[in-house]
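Input: a single structure, listed below in C-alpha cells.
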Amino acid sequence: MDVEAEGLSVRWARHERHHLAFVKALDRIGLSMFPAPGERLWTLNAIKVPYGADEAAVRRELLPQCNIEIGAGLGPLVGKVFRVGLMGTSSSQELVDLLTNSLEKALNSVA
183 MDVEAEGLSV RWARHERHHL AFVKALDRIG LSMFPAPGER LWTLNAIKVP YGADEAAVRR
243 ELLPQCNIEI GAGLGPLVGK VFRVGLMGTS SSQELVDLLT NSLEKALNSV A
C-alpha cells in the first residue's frame, strides 16, 4: 500500500507500533537495542550482538535457512550490531514475529 492510500499518520503509527513490538520481542529473547530510546529510528533497528556471538555467522544462517537478510554494523560498529529494517510493507507484526523467532534460532544454531 502506498503512503497516500494508507495515510501518513496511519503509516507513522504503524511503524512506531511495530518498532515497539520488535524491541519488546528482542527483550524477550535476551537481546537489546544499541541506541538509547530517544535516539532510535522506528524503521531502522540496530541490535546489539550478544557477547561472544559471531554476527557474520548469524547473518549467514538467516539467509539460506529463513530467507531473511539483515545488515551488519558499519565503521566502528562492525561485528557489534545487526541492522534490521522494518519499513513500508515489511513493517508488520507477522514479520516482527518471524524475524524475532528466526534470529533466536540462528543465534542458538551458531552458538
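In our numbering, the protein residues as written are 183 to 293. Cβ atoms here follow ideal geometry from the backbone N, Cα and C, with glycine treated the same way.
{"Query": "Count Cβ pairs between the stretch 197-213 and the stretch 233-248 that sit closer than 8 angstroms; are there 3 or more?", "Result": "no"}
{"Query": "When DSSP labels each residue in this structure, what does residue 206 get in the three-state scheme?", "Result": "helix"}
{"Query": "Provide the residue span of the beta strand (DSSP E) that contains residue 266, from first to last.", "Result": "263-267"}
{"Query": "Where does residue 214 land, buried or exposed, given buried means 16+ other C-beta within 10 angstroms?", "Result": "exposed"}
{"Query": "Could you check what DSSP says for residue 256 in three-state terms: helix, strand or coil?", "Result": "coil"}
{"Query": "Do residue 259 and residue 228 count as a contact pair if the criterion is CB distance below 9 angstroms?", "Result": "yes"}
{"Query": "Write down the C-beta distance between residue 252 and residue 264 rounded to the nearest angstrom, noting that I regard them as a contact closer than 8 angstroms.", "Result": "5 angstroms"}
{"Query": "Tell me which same chain residues have a C-beta within less than 7 angstroms of the C-beta of residue 226, skipping the five on either side of it?", "Result": "265, 267"}
{"Query": "The alpha helix (DSSP H) spanning residue 187 covers which residue range?", "Result": "185-188"}
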